[in-house]
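To start, the structure under review is shown below, and the notes come after it.
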Amino acid sequence: MSERQRANPEQRASSSQRAPLTVTEVRRTGPLVDAVYTDILQPSFPPAELVSLAALRDAITARRATLTVALDATGEPWGAAVGEWYESARVMLLGYLAARPGSRGHGVGGRLLEQAIRTWSERYRPCVVLAEVERPDRHRASLAHGDPTGRLRFYQRYGASALDLPYFQPALRADEDREYGMLLIALHVEQQYRREERAIDAEPVRRFWLDHLGATEGAPADSAARRMAAALAAEQVAVRPLDQYRNIAVAAG
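In UniProt numbering, the protein residues as written are 1 to 253.
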């Protein structure tokens, strides 16, 4: 899996729909996982960017993925965050973050993000929590999949920063294409992996990248892959505020 946060995480529910929500981690497959997939993930992401339900179930069972869900009093899911755990790199990737389509006024995305990062930090102790997001200068806003500019503002409010890398999203499956025009952002960095004021340790990011890319593409040697390898060869990676993303090189296929 990989990020695909195309649904607007700030989707809101009308005042008539407001209800207390409970945010909880789901570590076993079952009807709730199936409902999240059918009611939240499938309507929010294009088929080419969404893993199958079977793959999600397998990842949760194998502890390669974890699901955080916002539930109302009846147990109905209103939003979900999927974390993908790269154990050898000790990196958590926020794979999906989405609210129930059509919901407005709840702030579901923010609650999910905060709780997910808190839970992951305590349970997994990742070096860094990452996410892949679209560059607003390369992707247009759409009703179906949200606004890249609004998405960056959302993550910036929660302290995220962009890694200065010519990033592309690896192919989700062997028969799919890469997604260019992407940013890799840091949502949380453990203190010992921070370097100077605007940099982080490159090692966990490098290990994550090799695992992430290798899962579907192996070890490609094209120009985009070489540029990423060169950028990660240094001891540290510079980070920038999300509103300065235009200063980061764009990966090209």
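Backbone N, C-alpha and C fix where the C-beta goes; we use that ideal spot for every residue, glycine too.
Keep in mind it's a predicted model, so treat the numbers as computed, not measured.
Annotated as proximal: GLU132 and MET182, with beta-carbon spacing under 8 Å. The C-beta separation of VAL26 from LEU67 comes to about 4 Å, placing the pair in contact by the 8 Å criterion. Annotated as distal: ALA116 and ALA160, with beta-carbon spacing of 8 Å or more. Annotation: the continuous beta strand (DSSP E) that includes GLY83 extends over 77-86.
If you look at GLY95, you'll find it in the beta strand (DSSP E) that goes 91-99. Taken through DSSP and simplified to helix, strand or coil, HIS188 comes out as strand. Annotated three-state conformation of ILE248 is coil, per DSSP. Looking at the DSSP output, MET228 sits in no beta bridge, so it has no partner there. The distance from the Cβ of VAL239 to that of ARG198 is about 5 Å, consistent with a contact at the 8 Å cut-off.
One Cα belongs to GLY83, the other to ARG194, and the distance between them is close to 22 Å. Cα atoms of VAL51 and ASP211: separation of roughly 17 Å, rounded to the nearest angstrom. By the C-beta criterion, the segment 221-230 is judged not to be in contact with the segment 150-157, since fewer than 3 inter-stretch pairs fall below 8 Å.
Remark: C-beta atoms of SER142 and PRO101 do not approach each other more closely than 8 Å.
The criterion of a C-beta distance shorter than 8 Å is not satisfied by ALA202 and GLU179. Ranking SER88, ASP147 and VAL128 by CA distance to the CA of LEU94 puts VAL128 first.
Under the criterion of beta carbons closer than 8 Å, ALA65 and GLY79 do not qualify as touching, at roughly 17 Å. THR66 sits in a strand when the DSSP states are folded into three classes. Shown here, THR216 sits in a helix according to DSSP, grouped into three states. The beta carbon of ASP177 sits closer than 7 Å to those of ALA171, all from its chain and outside the five residues before and after it, given in chain order. For LEU152, the enclosing alpha helix (DSSP H) has its first and last residue at 148-157.
No residue range can be given for LEU21, since it is assigned to no alpha helix (DSSP H) and is classified by DSSP as neither H nor E. VAL205 sits away from LEU242, with the two beta carbons spaced by 8 Å or more. Cβ neighbours of TYR86 within its own chain (closer than 6 Å, five residues either side excluded): PHE208 and ASP211. Beta-bridge pairing by DSSP links LEU71 to THR22 and PRO77. Membership of ASP34 in the alpha helix (DSSP H) is indicated by the continuous run 31-36.
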